[in-house]
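**Q**
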Amino acid sequence: MSDDASAPAGDAMLASGFFTELRLAISFLTIVPVIDRRRASKDAVAASFAWFPIVGFVLGAALTAEDWLLAHVFAQVIRSVLIIVSLTVVTGAIHLDGLADTADALGAGRDRERALEILRDSRVGTFGASAIFFDLTLKILALSTLAGQRRYAALLLAPMLARWAMLLVASGLVYLRSCGSGSTLLGNQSKSLGSRAVFVAIFTLAVVPMLGALRAVALVTAVAIVIVFKMRWFYRRWLGGVTGDLIGACGELVEIAVLITMAS
Numbered sequence: 001m002s003d004d005a006s007a008p009a010g011d012a013m014l015a016s017g018f019f020t021e022l023r024l025a026i027s028f029l030t031i032v033p034v035i036d037r038r039r040a041s042k043d044a045v046a047a048s049f050a051w052f053p054i055v056g057f058v059l060g061a062a063l064t065a066e067d068w069l070l071a072h073v074f075a076q077v078i079r080s081v082l083i084i085v086s087l088t089v090v091t092g093a094i095h096l097d098g099l100a101d102t103a104d105a106l107g108a109g110r111d112r113e114r115a116l117e118i119l120r121d122s123r124v125g126t127f128g129a130s131a132i133f134f135d136l137t138l139k140i141l142a143l144s145t146l147a148g149q150r151r152y153a154a155l156l157l158a159p160m161l162a163r164w165a166m167l168l169v170a171s172g173l174v175y176l177r178s179c180g181s182g183s184t185l186l187g188n189q190s191k192s193l194g195s196r197a198v199f200v201a202i203f204t205l206a207v208v209p210m211l212g213a214l215r216a217v218a219l220v221t222a223v224a225i226v227i228v229f230k231m232r233w234f235y236r237r238w239l240g241g242v243t244g245d246l247i248g249a250c251g252e253l254v255e256i257a258v259l260i261t262m263a264s
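For the sequence shown, the working numbering begins at 1 and goes up steadily by one.
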């Protein structure tokens, strides 16, 4: 995904359509190389936001397959560590970075300008390092207690609901930066974004009956929704909107909450 790649002038020459939008969503959320030298239109970038949960579903399916394969070689605890390492690597730790920056920014308290300055800073402070440590520790501990169908359901649901959270926590809120891919993603939301989001909702919900443990699935979904609305309220009150770091932090919190809830 590269908004600054050279391209012929004129919107007619810009890439658009489902595969372009899906490619952009994959590029936003993972380090998976998706080759397309054409420059994407702003509408395609904005519309790609709706496909985030699909990418989360694919990530969850890949983690489930990896766990099944590793089960032939490693004990459950070791598999849990390797699964979380895989998730961190394939996402480029970008959401962990967002969580760390958000934790550091919280140290600024009510000083909005200082908090925004910290969010722009690429360095990780004490609060950020602590947040990363507890994030990874809680995920590994929660996952290591899960086995069987419940474990597979958690591996599929956690990435999917986390990407749903990213979509919902940012929808309709002001993006606090005037430049960058995030401003295009959130500042030029396509008119068809709502219909795409509905389609994705139907697709992802259709997966639920296959997971079994329907009460647990309903519970983690409710927990994710509560977190999203609490975070929306907090972001609006704290800074008046969102940034990419804040969106990623919400996704990480939902991912942790899903794994812990499934392990309870």
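Ideal Cβ positions, reconstructed from N, Cα and C, are used throughout, including at glycine.
Determine the direct distance from the alpha carbon of D245 to that of F49, and round the result to whole angstroms.
**A** Using only the alpha carbons, I get a separation of about 15 Å.
**Q** So L134 and G107 are in contact, right, with Cβ under 8 Å, and what is the actual spacing, rounded?
**A** The sequence as given places Phe at residue 134; Leu does not occur at that position. Not quite, the Cβ-Cβ distance comes to about 15 Å (not below 8 Å), so this is no contact.
**Q** Following the continuous alpha helix (DSSP H) through P53, name the residue where it begins and the one where it ends.
**A** It spans 52–70 - the alpha helix (DSSP H) in which P53 sits, taken as one unbroken run.
**Q** Please name the residue, chosen from I83, R237, R163, that lies closest to A25 on a Cα-to-Cα basis.
**A** Nearest of I83, R237, R163 to A25, Cα basis: R163.
**Q** Does the separation of the CB atoms of A90 and T137 fall below 8 Å?
**A** The sequence given here has Val at residue 90, not Ala. For V90 and T137, no; Cβs fall outside 8 Å.
**Q** In the DSSP output, what is V242 paired with across the bridge?
**A** DSSP output for V242 lists Y175 as bridge partner(s).
**Q** What do you reckon, are the CB atoms on V258 and A170 nearer than 8 Å?
**A** No, these two residues do not count as a Cβ contact at 8 Å.
**Q** Buried or exposed for P159, please, with buried defined as at least 16 other CB atoms from any protein chain shown within 10 angstroms of its CB.
**A** Under this definition P159 is a buried residue.
**Q** Helix, strand or coil for F134 per DSSP?
**A** Three-state DSSP puts F134 in a helix.
**Q** Would G251 be called buried (16 or more neighbouring beta carbons within 10 Å of its own) or exposed?
**A** By the 10 Å Cβ count, G251 comes out buried.
**Q** According to DSSP, simplified to helix, strand and coil, what is V124?
**A** Here V124 sits in coil by DSSP.
**Q** Taking the C-alpha atoms as reference points, what is the distance between G98 and A249?
**A** Between G98 and A249, the C-alpha separation is close to 5 Å.
**Q** What is the DSSP secondary structure of G107, reduced to helix, strand or coil?
**A** Residue state, collapsed to three classes: coil.
**Q** I'd like the list of long-range same chain contacts for L239, defined as Cβ closer than 8 Å, with 5 residues on each side in sequence excluded.
**A** Once the five neighbours on either side are set aside, the close Cβ partners of L239 are R112, A115, L116, L176, L246.
**Q** Counting along the chain, where does the alpha helix (DSSP H) carrying R150 start and finish?
**A** Element bounds for R150: 148–170.
**Q** For T20 and I94, what's the separation of their Cα atoms in angstroms?
**A** Their Cα atoms are separated by approximately 21 Å.
**Q** Leaving aside the five residues before and after L168 along the sequence, list all residues of the same chain whose C-beta is less than 6 Å from its C-beta, in chain order.
**A** Excluding residues within five positions, the ones whose Cβ falls inside 6 Å are V228.
**Q** Under 8 Å by Cβ, that's how I've got L63 and S86 pegged, so tell me the actual separation to the nearest angstrom.
**A** Indeed, because the Cβ distance is near 7 Å, the residues count as touching under 8 Å.
**Q** Which of the three DSSP states is assigned to T91 in this structure?
**A** DSSP places T91 in coil when its eight states are reduced to three.
**Q** Helix, strand or coil, according to DSSP, for F74 in the structure here?
**A** F74: coil per DSSP, three-state reduction.
**Q** Taking just the CA atoms, how far does L146 sit from G125?
**A** C-alpha separation (whole angstroms): 32 Å.
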